[in-house]
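Encoded as structure tokens, the structure appears first; notes follow it.
Chains as they are written, first to last, in the numbering used here: chain Z, 1 to 260; chain P, 261 to 597.
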């Protein structure tokens, strides 16, 4: 089982609620993904209270746990204020914390992130920080009290998959007791499988499913990718080897090397 | 797809809502010889109607990027009806361009849509001289059209009257007060009868400049919304529209920045344009974002046109008429109680 701040889940896929062709397709895709946690942006879409009520009630119908996020926040103060609004509107102390440094690359502002996480944790929040793969930043977040750390695979929406495998491995190795989620940059189910194979606890994605030609089918594909990656991790993957197998038989080598 | 029921053959028909959905229903029913009365709760300016804030794009192929096949089917049929009823409708195509950073999304758009031609910079300049040197390539949807909602709605209203129909503005009628066949086209205002309707906010800006000339709508690829710069008469351009899951009204600073930024990206001379109007409307949508003709005895509700009102309203009117006159049922769009 997967644990987020003492709550347990069986699905290792967290999914976003933005960018789908329609709310009905969003609902069907999320059901097909098997996800038990969905992220909701407070600033752009449905506020749980009054104005976005119709959209919000479609999310509530799914019966999943809601993880509000601070998407689009550019400063510590903005992120903290948004988190407090989200707590009021959605009735949860969970917050996916994003502090964005640069509008073009959507690179997390890791300095502001640590500062905002510290403030929010003191205020009783359970913080899911979106960060880079930098080990020192992850350590600071854990020191601040985060029990979950969410490094990117690649920049948001880039669909490039894991571009710094060794750094993500290091995080997994050094933070064995922290729930680690690969967040952002996942474009294909194989990318999600890769994250789980590295021992990551879960992946979080949105665009790769919502903008697929068939979001519902793609949600199912990601469900399988995540399951395959997790089972492979638990089964113990073989290590890569440095030698090649010769393509033509070499005189004098034993026969089991001559045939493939 | 089609089955038939016993024709109803009503002669008197009351239509509620004079926006694009109701106007087309009234027109086709009046032309078919029915005694049509159209009620609109607002005045003739139609500022209470979502249609007043619409872009008026007739773009069934561009819409296939996200919309389901039924939208293309209704859209294609509607293009014929627009041509038939308003022969001066502009059918000179639409263009899709992208900023260098949105390259991947541009290719995705090209892959997911049909009936377009790739233009290089020279082709584009030949088609739209103002865009010379602005973009390395573009997609040209040659068969698409556009209308100017604030001009075309009064024209439709005139045609309804010419066909023998009556229009009552400032007339807030409810379906229960009326005898005979009622076609409810009230959009989001019909939520009392159709509670699963929701509003999806769209924001628009109207600007004016003589420095840029465009003959056809230009769509700029944006990661979240289809943003268009649509030329209107008298040096006016409409920038629109956002699509936000909220029923708040008004235009946010962020949306204004994005809409104006889109215009500036299409042509820097838009920086000197005058801003005439900021506006927003709530598009009526069902959870699947698809339109519905709900039939219940003497009452028919046409709703959920979402962002496709001008594109599909004519075909929806034809389908409703087909049901009333000939008992035809279209299972993709109609719901019978």
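Cβ atoms here follow ideal geometry from the backbone N, Cα and C, with glycine treated the same way.
Just to confirm the assignment, what range does the alpha helix (DSSP H) spanning residue 444 of chain P have? Where residue 444 of chain P is concerned, there is no enclosing alpha helix (DSSP H), although the beta strand (DSSP E) it sits in stretches over 441-444.
Residue from P/581, P/584, P/572 and P/349 with nearest C-alpha to residue 328 of chain P: Nearest of P/581, P/584, P/572 and P/349 to residue 328 of chain P, Cα basis: P/572.
Does the region 228-239 of chain Z come close enough to the region 183-201 of chain Z to have 3 or more Cβ pairs within less than 8 Å? Flag = yes, the region 228-239 of chain Z and the region 183-201 of chain Z touch.
Any chance the region 560-569 of chain P sits against the region 539-549 of chain P, with 3 or more Cβ pairs inside 8 Å? yes
Is it true that the CB of residue 141 of chain Z sits closer than 9 Å to the CB of residue 117 of chain Z? yes
Own chain, CB closer than 6 Å to residue 297 of chain P, minus 5 neighbours either side, in chain order: 274 and 426
Give me the chain P residues within the contact set of residue 22 of chain Z, using Cβ-Cβ distance strictly less than 8 Å, ordered along the chain. 545, 547, 548, 549 and 550
So which of Z/166, Z/124 and Z/36 has the shortest CA-CA distance to residue 16 of chain Z? Measuring C-alpha to C-alpha distances from residue 16 of chain Z to each of Z/166, Z/124 and Z/36 identifies Z/36 as the nearest.
Going by C-alpha to C-alpha distance, which of P/589, P/338, P/429 and P/475 sits closest to residue 300 of chain P? Ranking the options by Cα distance to residue 300 of chain P, first place goes to P/429.
Stretch-stretch touch, CB-based, cutoff 8 Å, three pairs: the region 22-38 of chain Z with the region 1-11 of chain Z: Three or more pairs of CB atoms, one per stretch, sit closer than 8 Å, so the region 22-38 of chain Z contacts the region 1-11 of chain Z.
Start and end of the beta strand (DSSP E) containing residue 147 of chain Z? First-last for residue 147 of chain Z: undefined, no H or E at that position.
Enumerate in chain order the residues of its own chain whose CB-to-CB distance from residue 595 of chain P is below 8 Å, with the five nearest sequence positions on each side excluded. In the same chain as residue 595 of chain P, and ignoring 5 residues on each side of it, the C-beta atoms closer than 8 Å to its own belong to 552, 553, 554 and 555, in chain order.
Contact list for residue 326 of chain P against chain Z, beta-carbon separation under 8 Å: Neighbours of residue 326 of chain P on chain Z, chain order: 21.
Exposed or buried, residue 352 of chain P, counting other C-beta atoms within 10 Å across all chains shown (16 or more means buried)? exposed
Under 9 Å, Cβ to Cβ, is there at least one residue of chain P near residue 58 of chain Z? With its beta carbon less than 9 Å from one in chain P, residue 58 of chain Z belongs to the interface.
Counting only beta-carbon atoms, is residue 121 of chain Z nearer than 9 Å to chain P? no
Along the region 206-235 of chain Z, what residues have a CB closer than 9 Å to any CB found in chain P? 207, 211 and 213
Quick check on the DSSP output: the beta strand (DSSP E) that includes residue 537 of chain P runs from which residue to which? 534-545
Min CB distance residue 104 of chain Z to chain P below 9 Å: yes
Verify the CB distance criterion: does residue 32 of chain Z have a CB-CB separation below 9 Å to chain P? no
Is the CB-CB distance between residue 156 of chain Z and residue 187 of chain Z below 9 Å? no
Between the region 488-515 of chain P and chain Z, which residues of the former have CB atoms less than 7 Å from a CB of the latter, in chain order? 504, 505, 506, 507 and 508
Quick check on this structure: which residue in Z/26, Z/151 and Z/67 has the alpha carbon closest to the alpha carbon of residue 207 of chain Z? Z/26
Between the region 468-484 of chain P and chain Z, which residues of the former have a C-beta closer than 8 Å to a C-beta of the latter? 483 and 484
Relative to chain P, which residues along the region 147-167 of chain Z have a C-beta separation below 9 Å, given in chain order? 157, 158 and 159
Return no unless some Cβ of chain Z is closer than 9 Å to the Cβ of residue 256 of chain P. Given that chain P is displayed from residue 261 to residue 597, the structure contains no residue 256 of chain P and the question cannot be resolved.
Start-to-end residues for the alpha helix (DSSP H) that takes in residue 583 of chain P: 569-586
Counting C-beta neighbours from all protein chains within 10 Å, is the total for residue 372 of chain P 16 or more, i.e. buried, or is it exposed? exposed
Contact belief for residue 559 of chain P with residue 435 of chain P at Cβ below 8 Å, rounded distance in angstroms: 6 Å
Among Z/238, Z/215 and Z/177, whose alpha-carbon lies nearest the alpha-carbon of residue 23 of chain Z? Answer by Cα proximity: Z/215.
Partner residues on chain Z for residue 372 of chain P, Cβ-Cβ distance less than 9 Å: In chain order: 213.
What separation, rounded to the nearest whole angstrom, lies between the Cα atoms of residue 3 of chain Z and residue 179 of chain Z? 7 Å
Going by C-alpha distance, which of P/540, P/575 and P/549 is nearest residue 307 of chain P? P/540
To the nearest angstrom, report how far apart residue 292 of chain P and residue 331 of chain P are at their CA atoms. Between the C-alpha atoms of residue 292 of chain P and residue 331 of chain P there is a straight-line separation of about 25 Å.
Under 9 Å between C-beta atoms of residue 72 of chain Z and residue 88 of chain Z: no
For chain P, check one thing: does any of its Cβ atoms lie closer than 9 Å to the Cβ of residue 144 of chain Z? no
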